[in-house]
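There are 2 protein chains.
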Amino acid sequence: MSLRDRKRARTRQALVEAAADLFERQGFEATTIAEVAAAAEIGTRTFFSYFPAKEDLLFPESDLRVHAAVQAIAERGDGDGPAEVLLRALHIVGEDSDDLSGRLAALRLRFIREVPSVRGRGLQIQFDAQREIARHLAAAFPDELDEVGAAAMTGAFVGAVTAALQVLLEGVDDPGDPAQVQAAVEVAVDRALKPWLAHRR
Amino acid sequence: MSLRDRKRARTRQALVEAAADLFERQGFEATTIAEVAAAAEIGTRTFFSYFPAKEDLLFPESDLRVHAAVQAIAERGDGDGPAEVLLRALHIVGEDSDDLSGRLAALRLRFIREVPSVRGRGLQIQFDAQREIARHLAAAFPDELDEVGAAAMTGAFVGAVTAALQVLLEGVDDPGDPAQVQAAVEVAVDRALKPWLAHRR
DNA sequence: ACGCTAACTGCACTCGGTGCGGTTTTGCAA
DNA sequence: TTGCAAAACCGCACCGAGTGCAGTTAGCGT
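Each protein sequence line maps, in turn, to chains A and B. Just add 602 to wherever you are in the first sequence, counting from 1, and you've got the numbering used here. Just add 602 to wherever you are in the second sequence, counting from 1, and you've got the numbering used here.
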């Protein structure tokens, strides 16, 4: 990795951290891109060579997650069926790695509820990720699934968990508490997939 | 209905039609709100008292559809279970009524593929509609479903059909042809829900 | 016919985002 | 080490979406 690339990665990280700080303090819409860029010590214009839009500051490593999930699908065990592999892949996508990603996750959750444009961007990213995973799932199980079947299955899983999670999070008083959120996610996965796994045996 | 309301409805309709014309001719992003407003003979500023954003011109009657679906849930037959009622409700949401809505549907489909902001807004509307339907579904079947279960079920249905439809539409050469699209929708519903309905018997 | 209210509209403004062109930095090779 | 091409940086001018405000117009009930 060249010096150029490392510097670029550092600046990118600085942008995300600066944005997290400002967003926490001022909210999403009240923070301008100029402020974020200034806090990371780059010109306003240069910001757009790092992120295509303001909302993407909240989803900085979405493609890495998807890539990890795809890899998990490729490295499936011999005994696993499509449902098990898919479930494990989705679990990987939903994981928080470092603590910055934890901070970001909390902000993301908050702004997905508060700011329409963030919710829109989030759904779009989820949709694209889902499609990518479905493609690889179909490739991994050519005998059991075709493209359409894999997409339907992935859509059903993701849709069910997302919708269940949304309802559960309405009842959470402090969305900033990672424990409550984590618990809600587990309940959502369990509740959403119970009927499917039950008849699957 | 007062004259005021009728005039307002006429203007709203004129906006949608003008937008449809301009969008067909110039594309979505190349058409400015000022142009649409001028074509409907209102001031640019006034546009925003009819639609909150440019994208909403492509989803002019989404709340009516949802309302119709909710009503269909309320008027369910005695022998129907949650799955049948939900399927019928979703069928209602997806219907095209007049021919203007047919034109709009084609444009919508095109721009959902081409323009990220339109895709984002569309997903957001779908998400909200899904939540509303789930709420009423839970209310209609208090013994079989709670809020979370209804949301999971609705999310699974909608997610499966949407994802399957997306894959199927990739293979359609002329997205402007309503027959091909309609056929794809039917296949998508069938394929997406087959495993569910099969084990449901 | 008369006031009251809702709708219409122009104006000024902010912010997100892009294209362009010039300057600085970096990687690499002679 | 020096030189050079590419890549990154950045200011500038610009556009369109969207909002707040204030003044005018038009419909509605009395």
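Virtual Cβ for every residue (Gly too), placed ideally from N, Cα, C.
Under 9 Å between the Cβ atoms of residue i and residue j?
i      : j      : result
B:I675 : B:L747 : no
A:V750 : B:R793 : yes
B:I735 : B:L692 : yes
B:P780 : B:G696 : no
B:L709 : B:A622 : yes
B:A765 : A:G722 : no
A:L702 : A:E619 : yes
A:A758 : A:W798 : yes
A:V763 : A:L725 : no
B:T633 : B:L624 : yes
B:A786 : B:V774 : yes
How about residue i: is its C-beta nearer than 9 Å to some C-beta of chain A?
i      : result
B:A671 : no
B:V783 : no
B:G696 : no
B:Q628 : no
B:D734 : Note that residue 734 of chain B is Glu in the sequence shown here, rather than Asp. So, not an interface residue.
B:S719 : yes
B:P744 : no
B:V789 : yes
B:P797 : yes
List, in chain order, every chain A residue whose beta-carbon is nearer than 7 Å to that of residue i.
i      : result
B:L725 : G722, L725, Q726 and F729
B:A753 : A765, A766, Q768 and V769
Between the Cα of residue i and the Cα atoms of the options, which residue gives the shortest distance?
i      : options                           : result
B:A707 : B:I694, B:V783 and B:K609         : B:V783
A:P718 : A:E631, A:R606 and A:R690         : A:E631
B:L688 : B:L666, B:A752 and B:V720         : B:A752
B:P684 : B:F743, B:M603, B:L770 and B:L771 : B:F743
B:Q732 : B:D745, B:F713 and B:M755         : B:M755
B:V720 : B:M603, B:R610 and B:G629         : B:G629
A:D698 : A:H669, A:E663 and A:Q768         : A:E663
B:Q768 : A:F713, A:E772, A:A611 and A:D730 : A:D730
Please list the partners that residue i has in chain B, where partner means a Cβ-to-Cβ separation under 9 Å.
i      : result
A:L771 : In chain order: nothing, as chain B lies at least about 11 Å away.
Name the chain A residues that come within less than 8 Å of residue i, Cβ to Cβ?
i      : result
B:Q615 : None at all; the shortest Cβ gap to chain A is about 25 Å.
B:R793 : V750, G751 and A754
For a contact meaning CB atoms closer than 8 Å, what does residue i contact in chain B?
i      : result
A:G683 : Residues of chain B passing the Cβ test: none, with the nearest at roughly 13 Å.
A:G679 : By Cβ distance, chain B contributes nothing, its closest Cβ being about 22 Å from A:G679, past 8 Å.
Residues of chain A with CB closer than 9 Å to the CB of residue i, please, in chain order.
i      : result
B:P662 : Those do not exist, as B:P662 stays about 18 Å from chain A at its closest Cβ, beyond 9 Å.
B:G704 : Chain A residues near B:G704: none, gap ~25 Å exceeds 9 Å.
Quick one: residues in its chain with C-beta nearer than 8 Å to the C-beta of residue i, no 5 flanking neighbours on either side, listed in chain order?
i      : result
B:L617 : V638, A639, A642, I644, F649, Y652, F653 and L659
Keeping to the same chain, check which residues put their C-beta closer than 7 Å to that of residue i; ignore five residues upstream and five downstream.
i      : result
A:K656 : I635
So residue i contacts chain B; which residues on that side make the cut at Cβ distance below 7 Å?
i      : result
A:V760 : G761
Beta-carbon of residue i versus every beta-carbon of chain B: anything under 9 Å?
i      : result
A:R712 : no
A:G778 : no
Within the same chain, show all residues whose beta-carbon is closer than 6 Å to that of residue i, passing over the 5 residues directly before and after it, in chain order.
i      : result
A:R667 : V695
B:R803 : Any answer about B:R803 is weak, because its pLDDT of 47 lies below 50 and its placement is not dependable; what the coordinates show is given next. The answer is none, since no qualifying residue turns up.
A:A670 : I694
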